Amino acid sequence: MANLQSNFLGIKSTNPFWLASAPPTDKEYNVRRAFEAGWGGVVWKTLGSEGPPVVNVNGPRYGAVYGADRRLLGLNNIELITDRDLYTNLEEIKRVKADYPDRAVIVSIMVPCEEEAWKAILPLVEDTGADGIELNFGCPHGMSERGMGAAVGQVPEYIEMVTRWCKQYYSKPVIVKLTPNITDIRKPAAAAKRGGADAVSLINTINSITSVNLDSMSPEPSIDGKGTHGGYCGPAVKPIAMSMVSEIARNPETADLPISGIGGVTTWRDAAEFMALGCGNVQVCTAAMTYGFKIVQEMISGLEQWMDEKGYTSIDEFVGMAVPNTTDWQYLNLNYIAKAKIDQDLCISCGRCFAACEDTSHQAISMTPDRKFEVIDAECVACNLCVNVCPVEGCISMEEMDAGKTDPRTGKVVEDQYANWTTHPNNPAAMEPAE
Amino acid sequence: MPTTSPSNKVRADGVVSARLSSEQLNENFCDLHAPLSPHEAKVAADRCYFCHDAPCITACPTSIDIPLFIRQISTGTPEAAATTIFKQNILGGMCARVCPTETLCEEACVRETAENDPVEIGRLQRFATDKVMDAGVHPFTRAASTSKRIAVVGAGPAGLSCAHRLAMKGHDVVIFDGRQKAGGLNEFGIAAYKTVDQFAEREVEWLLSIGGITVELGKRLGENLELDELQSEFDAVFLGIGLAGVNALGLDNEDASGSDDAVEFIAALRQAAHLTNVDIGRNVVVIGGGMTAVDAAVQAKLLGAEHVSLVYRRGVENMNASKFEQDLAAQKGVNIITNAQPVGLIANGSVQEVEFAYTETGADGFKVTDETFRLKADQVFKAIGQKLALNVAGLDIEGGKIAVDENGLSSLDKVWAGGDCASGGDDLTVTAVAEGRDAAEDIHAKLMG
Chain A
9 MANLQSNFLG IKSTNPFWLA SAPPTDKEYN VRRAFEAGWG GVVWKTLGSE GPPVVNVNGP
69 RYGAVYGADR RLLGLNNIEL ITDRDLYTNL EEIKRVKADY PDRAVIVSIM VPCEEEAWKA
129 ILPLVEDTGA DGIELNFGCP HGMSERGMGA AVGQVPEYIE MVTRWCKQYY SKPVIVKLTP
189 NITDIRKPAA AAKRGGADAV SLINTINSIT SVNLDSMSPE PSIDGKGTHG GYCGPAVKPI
249 AMSMVSEIAR NPETADLPIS GIGGVTTWRD AAEFMALGCG NVQVCTAAMT YGFKIVQEMI
309 SGLEQWMDEK GYTSIDEFVG MAVPNTTDWQ YLNLNYIAKA KIDQDLCISC GRCFAACEDT
369 SHQAISMTPD RKFEVIDAEC VACNLCVNVC PVEGCISMEE MDAGKTDPRT GKVVEDQYAN
429 WTTHPNNPAA MEPAE
Chain B
509 MPTTSPSNKV RADGVVSARL SSEQLNENFC DLHAPLSPHE AKVAADRCYF CHDAPCITAC
569 PTSIDIPLFI RQISTGTPEA AATTIFKQNI LGGMCARVCP TETLCEEACV RETAENDPVE
629 IGRLQRFATD KVMDAGVHPF TRAASTSKRI AVVGAGPAGL SCAHRLAMKG HDVVIFDGRQ
689 KAGGLNEFGI AAYKTVDQFA EREVEWLLSI GGITVELGKR LGENLELDEL QSEFDAVFLG
749 IGLAGVNALG LDNEDASGSD DAVEFIAALR QAAHLTNVDI GRNVVVIGGG MTAVDAAVQA
809 KLLGAEHVSL VYRRGVENMN ASKFEQDLAA QKGVNIITNA QPVGLIANGS VQEVEFAYTE
869 TGADGFKVTD ETFRLKADQV FKAIGQKLAL NVAGLDIEGG KIAVDENGLS SLDKVWAGGD
929 CASGGDDLTV TAVAEGRDAA EDIHAKLMG
């Protein structure tokens, strides 16, 4: 029977599903509801320095991107860090942690990039009994204009410096939250590690404008006719987040750095995928904001069922298992030949595969007057577009050609051996294959 | 004892009006398919897969680009969607209401294949067309005048469609119709719950707003209108006269009081100032198996008839009424009896009973058996088909209809025909619209060629 118990940096939680630092974790009331619903941990919404708290806009804070049936695919947010008094937050954190000793409570912090500021707040946080801190170097809106959030996360030297202060003035684990609004995610991750970070968490939100009101000509969310870029999150950002996670997991410099995965985790499967790419746990926000805290129940039951089916008893057994299979394009096997195959019993004859292939790809699908669609192997390059546009799951699949067979497209016999671009004759920089 | 309430007329014998209260009648005759709200339309539109060379387009007699108009709805431009519809079918509003979509576009929908639950094409079409028509917007303008004059006989779906397309091309059109109101079967021949709020009348008005079309009512071919005169007076003639003749049972007492043609009942109901004015029997028998039979039977039930039987001489699989229509009738409480043929009308001044003999269809074909039964009836509606009521020298007839080529051209010079009166195609509103439109294109090509 699968055990979802999580031990991330020595921080124990009943499961690997944490709520990310965000509106859902801004106060005691919400966090208690989250724990009652079954969440393994929370990262408390980012605290700022002592003194008058930040203020938020008083108009809309969120913008959205929808899929069919108004499914929320992406959310963008211009809310800032907590706009509640520091001490109120600290007292609440202390109470909640005391009441839920088996859950993880992490405190997110964002204070100016000055040693004194960090030195001042860290003992206060330490006193709450929280399990660790997360440094918010990610928020791309509002705070970054004040030299905080992404403004720090975009400068590896600052990350290293602030992380070092935190390790100096705080005794428990330090997680550095990274911004994706950067060219190469490996640089800030490496800087965090050099600064002594116990882990990185990523991604924070992505700079975004979700829509423009074509009547008022204002970006949404619109505040009195003006809009600004916000932080994009939700299912739409998951592929970007997973790529960045894999970059850090694959980089020899940071391969041993624990990762908390964030970005569009909506189902148990999303969580398992992040974890397979090297994340010790995941953080969730948009899914909870869309459906409420109850969704964690599906995440828990789904992950348990999948682990049981696969024979995993603890989450550590599959964390990072997909990392060795994540490689560079140049190492992909060019002797692997596949062809699309359409299951005629499942086909509903919508013809989308035909339109996609005929108009935008390789003219490798035939269509009869009675709407039977078949793959022309002599033209199919196995691009997968037909699979992706087909509305029926499992109707079109990619079938590997066995070695020894002749690919009707190239007339060449499918070879058994692995061969990649580095040794390909068309590569001007090709190396001689090893003898 | 409570005083006699109007609802007690439910059990009144004979043919009487107002069996039900005015409120109950209004409720019974409300929209069969209520219009979609904007939210419902958005949800319904999201289900369309935007198929390649979509089967729904092929299944539509007017070939409306359905995936395109649904996508236009889903992207917030129902007005553009309406234009897409009206380009192919100027009576798209009526067709959205009366098309047997379950045997046309929605039957072909791939989501019917996938989930037995097609995209609601008909209701989406209504959503788009209502939007534009309710705003009083007519999306087309006339081309420069050609000075050609064309006579259209019959102001039903075929004639209106033909006239509109011709007017759009810059021709001047005169529509003649024998009734005192335009619309043809849209106005007189469709169940009231399919086209509420005088939609047929409003649609004609909207269609004519393109201009260039004059309507002359009370002009019937063979009575006060002659085809040869039209041929000489106009550059072309289009006949969209429908099937004005009604088939008879060929039984004694067919003229007895209470024995009526279903089409006349339906027309009278549609034209009634109020539903409480429409007479209906306590026991009603409808004879026939098509859409007209169902329309008559269901409306008889909705008017408050206590027992309504729809009797068809062949098996259910031979009924022209679609499965949806059959289910509707059953749901409204109509008793459907198949494989029974009327062999006698028992009357005593007015109809009392109908006698039926069971029929069999075996290896040696259709035969009437000796086994009979009787149904009480104070009203009998005959819906056993209509026939062409026109006989003009030189006008070829094929299968009881005006013989036409693929463009609707008849055997007579300058005379085209379309809709129910012409050969080819199903007797559907949407088919009539397609035939009228295509004949107009051919007339235009021939006149301007």
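Chains as they are written, first to last, in the working numbering: chain A, 9 to 443; chain B, 509 to 957.
Yeah, the Cβ is synthetic: ideal placement off N, Cα and C, and Gly gets one too.
What you are looking at is a predicted structure, and each value in this text was computed from that prediction instead of being measured.
Name the chain A residues whose beta carbon is nearer than 8 angstroms to that of residue i?
| i | result |
| --- | --- |
| ASP573 of chain B | What ASP573 of chain B touches in chain A: nothing, since even the nearest Cβ is about 14 angstroms away. |
| PRO563 of chain B | SER357, ARG379 |
Would you say residue i faces chain B, with C-beta separation under 7 angstroms as the test?
| i | result |
| --- | --- |
| PRO399 of chain A | yes |
| CYS391 of chain A | no |
Can you name the residues of chain A whose CB is closer than 7 angstroms to the CB of residue i?
| i | result |
| --- | --- |
| TYR866 of chain B | By Cβ distance, chain A contributes nothing, its closest Cβ being about 40 angstroms from TYR866 of chain B, past 7 angstroms. |
| VAL618 of chain B | ILE356, SER357, CYS358 |
Can you check whether the C-beta of residue i is within less than 7 angstroms of a C-beta belonging to chain A?
| i | result |
| --- | --- |
| THR649 of chain B | no |
| HIS560 of chain B | yes |
| ALA622 of chain B | yes |
| VAL627 of chain B | no |
| TYR557 of chain B | yes |
CA-CA distance, residue i and residue j?
| i | j | result |
| --- | --- | --- |
| MET315 of chain A | VAL327 of chain A | 12 angstroms |
| GLY989 of chain B | ALA942 of chain B | Nothing can be reported for residue 989 of chain B: it is not among the residues displayed for chain B, which extend from 509 to 957. |
| PRO227 of chain A | GLY300 of chain A | 27 angstroms |
| ASP232 of chain A | SER224 of chain A | 10 angstroms |
| ASP351 of chain A | ILE404 of chain A | 6 angstroms |
| ASP561 of chain B | GLY766 of chain B | 51 angstroms |
| GLY359 of chain A | ALA553 of chain B | 18 angstroms |
| ASN64 of chain A | SER29 of chain A | 16 angstroms |
| ILE190 of chain A | VAL163 of chain A | 9 angstroms |
| CYS365 of chain A | GLN633 of chain B | 30 angstroms |
| MET375 of chain A | THR621 of chain B | 18 angstroms |
| SER268 of chain A | SER309 of chain A | 21 angstroms |
| ASN435 of chain A | VAL389 of chain A | 20 angstroms |
| LYS413 of chain A | VAL421 of chain A | 6 angstroms |
| ARG778 of chain B | ALA699 of chain B | 8 angstroms |
So what does DSSP say about residue i, is it helix, strand or coil?
| i | result |
| --- | --- |
| ILE248 of chain A | helix |
| GLY269 of chain A | strand |
| ILE129 of chain A | helix |
| GLY238 of chain A | strand |
| ASP554 of chain B | helix |
| ARG379 of chain A | coil |
| PRO510 of chain B | For PRO510 of chain B, the predicted model reports a pLDDT of 43, less than 50, meaning its position is unreliable and no value from the coordinates is stated. |
| ASN15 of chain A | strand |
| GLN371 of chain A | coil |
| TYR178 of chain A | coil |
| ASN755 of chain B | coil |
| SER529 of chain B | coil |
| GLN313 of chain A | helix |
| TRP924 of chain B | strand |
| LEU27 of chain A | strand |
| GLY902 of chain B | coil |
Any heavy atom of the ligand MN within a distance shorter than 6 angstroms of the CB on residue i?
| i | result |
| --- | --- |
| THR90 of chain A | By its list of ligands, the structure shown contains no ligand whatsoever, and the ligand MN lies outside what it can speak to. |
Smallest Cα separation from residue i: which of the options?
| i | options | result |
| --- | --- | --- |
| LYS884 of chain B | B:ALA699, B:LEU836, B:SER858 | B:SER858 |
| LEU340 of chain A | A:ALA427, A:ASP264, A:PRO164, A:PRO266 | A:ALA427 |
| ARG821 of chain B | B:VAL851, B:SER655, B:VAL523 | B:VAL851 |
| VAL304 of chain A | A:ASN15, A:PRO24, A:ILE19 | A:PRO24 |
| ALA636 of chain B | B:GLU762, B:GLU906, B:LEU936, B:SER582 | B:SER582 |
| GLU879 of chain B | B:GLY662, B:GLY522, B:GLN849, B:ALA829 | B:GLN849 |
| GLY907 of chain B | B:GLY893, B:SER931, B:ASP886, B:ALA925 | B:SER931 |
| ASP946 of chain B | B:VAL938, B:THR591, B:LEU955, B:ASN915 | B:ASN915 |
Residues of chain B with CB closer than 7 angstroms to the CB of residue i, please, in chain order.
| i | result |
| --- | --- |
| ASP77 of chain A | VAL551, ASP554 |
| ALA363 of chain A | HIS560 |
| ARG360 of chain A | TYR557, CYS559, HIS560 |
So is residue i in contact with chain E if we call contact Cβ pairs under 7 angstroms?
| i | result |
| --- | --- |
| VAL704 of chain B | Reference to chain E is not applicable here, since the protein chains of this structure are A and B. |
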